[in-house]
RNA sequence: CGGGGCGUAGCGCAGCCUGGUAGCGCGCUUGCUUUGGGAGCAAGAUGUCGGGUGUUCAAAUCACCCCGCCCCGACCA
C-alpha cells in the first residue's frame with residue numbers, strides 16, 4: 045500500500061479523554077475513533093489488526109474442531125424469558141421494541157440463541173459432541189465504559205459453545221478449548237497466564253480466565269513463582285497450615301478489658317499494644333437471612349466469595365446493626381466468638397493461635413487470652429480469606445506473588461444451566477431423553493489487540509509483534525525527490541509485494557523525521573530506509589522496531605532477509 | 001445511582017472570576033527555502049463558544065434547565 049493513498053490519520057497530541065496507553069496510542073496511530081461513550085470505529089489500520097487476531101482465533105478454533113456460525117445480534121425477548129435472564133440480566137442488556145411493539149435486545153452474549161439453534165437440530169447422541177463458534181459484535185450497556193476498546197459497550201467477541209452428551213465429554217471439550225486458547229494467545233505474541241476463576245454456583249474448578257499481564261490491567265491475579273498455579277484473587281486458594289496446634293501448657297486465664305470506643309483492628313492493636321496477628325476479627329454475615337460469624341486473623345481480609353461458597357448461600361452480605369446486636373448483644377465493633385449466639389466458622393488462620401484478643405460481645409469491651417476449645421467452639425475451619433503476597437502456593441512449595449492482568453479470554457463450563465432451562469435434550473443410546481451439557485468460551489477481539497499494545501510500546505509508539513502487525517514492513521525513501529532513491533525504494537516495495545509481504549511504501553513528500561516518527565508510532569516491526577548515501581554504495585538500512593537495531597544490507601539482499609525475519613517471527617509465535 | 005470535573009477551530013488548550021471586536025500552539029491551504037528523527041519564513045482558510053431559556057443596551061463570560069463526555073465510588077461478571 046502506498047502511504048500517500050492510505051487513510052491513516054496519525055496525531056501528535058494525546059487525546060485528553062484517553063487514560064490508558066493503548067487507548068492513547070490507538071487513537072494517535074489512527075487505528076480507532078470514538079463515536080460516543082464506549083462505542084468505537086475502527087479505521088483501516090486498526091481493522092487490519094482486528095482481522096489478524098480474528099484469523100488466528102479462527103485457525104485455532106477450526107483446528108480444535110469447532111465450526112464457525114454467525115448468529116443474530118438482535119434477539120427476541122421470548123428466548124431470554126425462557127432462560128430467565130430477561131429479568132436477571134439487568135441494565136447491561138439493551139432492550140428495545142420493534143414496530144409491532146415486540147420486545148428485543150441486542151445480544152450481550154449468545155447462549156440463548158445457540159441453545160435454541162441446537163435444540164432444534166440436534167436430536168440424538170450420534171450428533172454430539174458439537175462446538176459452534178462465531179466472531180461477532182456484542183453489546184453490553186456497561187455502567188462505566190473505560191479504557192477505550194478494552195472496556196466498551198459495543199465490541200467484537202469470539203464466542204464458542206460446546207454441547208456434549210455427558211460429563212466426560214464436556215470435560216474433554218473444555219480441555220480442547222483450554223489448549224486452543226493457549227495456542228491463540230501464544231501465537232498473538234502475548235505474555236499471558238490462564239488463571240483459575242470462581243465459577244460460582246456451577247461448581248468445580250472449571251473456569252479459567254486468560255489474563256494478559258500488564259500493569260494497567262483491571263484485575264489482580266495471584267500466581268506462584270515456582271509452578272504454573274495462578275488464580276484471580278477471589279478464587280486463589282490458601283492451603284490449610286501445617287502447624288495447627290497452639291502448643292501445650294497452661295494458658296493464662298480469660299480476661300475482659302475495657303476498651304472504650306475501640307473498634308477496629310488498628311485501634312485494638314494500638315490500645316492493647318498487641319500485634320494484629322494476635323487479634324481475631326469476628327464478622328457477622330447475613331447469609332440468606334441467617335446470621336453467621338466468621339473468624340479471621342486480624343491482619344487478614346475475609347473473601348466473601350469463599351464464605352458464600354462454603355455456606356452454599358445464595359445471598360451473602362455483611363449483617364446490619366440490628367442483626368449484629370441480636371447475634372452478639374453488642375453494637376458493631378465488639379463481636380467475638382465467646383458466647384456468640386450464631387453459628388461460627390473460622391478461617392484456617394485461626395488455627396495455631398493461642399491467647400487471642402477478641403471482641404467481648406459487650407459494648408466497649410474486648411477479651412484477652414482467648415483460647416480455642418477452652419473458651420469457644422468453631423463449627424468448621426475452612427479457607428475463607430483473601431490471598432496475600434507471600435502466602436504459600438496451594439500446589440507446591442513456592443510463594444504467591446501478585447500481578448495485574450487484562451482478561452482477554454474466559455473458558456467456562458456451563459453444565460446444564462441453559463440446556464435445562466431451554467430444554468436442549470437428546471436421546472441417548474437407550475432411547476432415554478437427556479439434557480446436553482454445555483460449555484462457553486469467549487475471547488475479546490478488540491481487547492486482545494489493546495492488551496497487546498499495553499504489553500508492547502515505548503515512548504515512540506506501538507511495537508507490534510509480527511503476528512498482529514497491520515503491516516510487516518514499511519519502506520521509507522528518505523527523500524522522494526531523489527529519483528535514484530525513489531526508484532530503489534519502489535523496486536524493493538514491488539518485490540516484497542510480489543512475494544506476498546504486507547508492506548507500506550512511504551511515498552509521502554515529507555521530511556525523513558516525520559516518516560520515521562509515523563512509522564514508529566504505528567509500530568511496523570521492520571523498516572527499510574532508502575537513503576542516497578547508503579544507496580551510492582548499493583546498500584539500504586533495516587531498522588528493527590522492537591530493538592532499535594540498525595543493519596545495512598545490499599539492496600539485492602534486503603527482500604530475502606526481510607522475508608526470512610518475518611517467517612522466523614511468525615514461526616516462533618506458532 | 002452518588003460525588004467531582006469538563007464542553008471554545010480537526011487536535012491540545014487560553015479567555016469566563018471582573019459582561020463590550022473570539023485567541024494561542026499543532027494541524028490544514030498557497031508560495032519560497034530546506035531535506036536522515038515531528039523544518040524555517042511569508043500569506044491564508046476554518047467557530048451555531050454543546051443546546052435552550054432568562055437577566056442585560058450588550059452574554060463564550062452571569063442565572064436556570066437540558067444534553068454530551070471524562071474521572072472517583074457504588075453496581076455488575
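Residue numbers (this note's numbering): 45 to 618.
Beta carbons: idealized from backbone N, C-alpha and C, even for Gly.
By Cβ distance below 7 Å, which residues in the same chain neighbour residue i in space, the five residues on each side in sequence not counted?
i           : result
residue 283 : 436 and 438
residue 594 : 585 and 587
residue 118 : 148 and 150
residue 540 : 517, 547, 603 and 606
residue 160 : 123 and 466
residue 24  : Since the first and last residues shown for the chain are 45 and 618, residue 24 lies out of range.
residue 298 : 411, 413, 414 and 419
residue 319 : 313
Quick check: the Cα distance between residue i and residue j, rounded to an integer number of angstroms?
i           : j           : result
residue 190 : residue 67  : 10 Å
residue 558 : residue 74  : 15 Å
residue 350 : residue 474 : 40 Å
residue 96  : residue 56  : 26 Å
residue 497 : residue 568 : 12 Å
residue 13  : residue 263 : For the chain, the structure presents residues 45 to 618; residue 13 sits outside this window and is missing.
residue 29  : residue 275 : Residue 29 falls outside the range modelled here, since the chain spans only 45 to 618, and no answer is possible.
residue 198 : residue 69  : 20 Å
residue 247 : residue 167 : The predicted model places residue 247 with a pLDDT of 49, which falls under 50 and marks its position as unreliable, so this point remains unresolved.
residue 433 : residue 339 : 21 Å
residue 257 : residue 229 : 12 Å
residue 479 : residue 209 : 8 Å
residue 231 : residue 100 : 7 Å
residue 330 : residue 203 : 37 Å
residue 422 : residue 335 : 15 Å
residue 317 : residue 242 : 38 Å
residue 484 : residue 195 : 20 Å
residue 488 : residue 179 : 9 Å
residue 369 : residue 378 : 10 Å
residue 111 : residue 102 : 9 Å
residue 523 : residue 579 : 12 Å
residue 93  : residue 562 : 17 Å
residue 387 : residue 169 : 47 Å
Applying the criterion that 16 or more other CB atoms from any shown protein chain within 10 Å of the CB defines a buried residue, is residue i buried or exposed?
i           : result
residue 58  : exposed
residue 175 : buried
residue 155 : buried
residue 393 : buried
residue 153 : buried
residue 592 : exposed
residue 279 : buried
residue 342 : buried
residue 532 : buried
residue 582 : exposed
residue 144 : exposed
residue 106 : exposed
residue 51  : exposed
Determine the closest residue to residue i out of the options, with distance taken between C-alpha atoms.
i           : options               : result
residue 398 : 465, 441, 500 and 294 : 294
residue 400 : 309, 443, 165 and 356 : 309
residue 519 : 85, 465 and 585       : 585
residue 508 : 418, 45 and 610       : 610
residue 513 : 523, 417, 493 and 503 : 493
residue 505 : 48, 54 and 366        : 54
residue 146 : 164, 125, 429 and 133 : 125
residue 142 : 162, 120 and 418      : 120
residue 461 : 482, 477 and 576      : 482
residue 171 : 470, 596 and 545      : 470
residue 457 : 566, 206, 116 and 444 : 206
Here's a check: name, in chain order, each residue in its chain whose Cβ is nearer than 6 Å to the Cβ of residue i, leaving out the five neighbours to either side.
i           : result
residue 354 : 426
residue 304 : 408
residue 300 : 404, 409 and 411
residue 490 : 193, 199 and 200
residue 373 : 405
residue 63  : none
residue 45  : 548
What does a CB cutoff of less than 8 Å around residue i pick up in its chain, not counting 5 residues either side in sequence?
i           : result
residue 441 : 270
residue 614 : 510 and 511
Give a yes or no on contact between the region 519 to 534 and the region 122 to 135, applying the rule of three or more CB pairs nearer than 8 Å. no
Is the region 249 to 263 in contact with the region 229 to 238, if contact means three or more CB pairs nearer than 8 Å? yes
Per the contact definition of three or more C-beta pairs closer than 8 Å, is the region 567 to 580 in contact with the region 602 to 615? yes
Cβ contact check for the region 79 to 99 and the region 207 to 219: 3 or more pairs under 8 Å: no
Flag this pair as touching only if the region 446 to 453 and the region 134 to 149 have three or more C-beta atom pairs under 8 Å; answer yes or no. no
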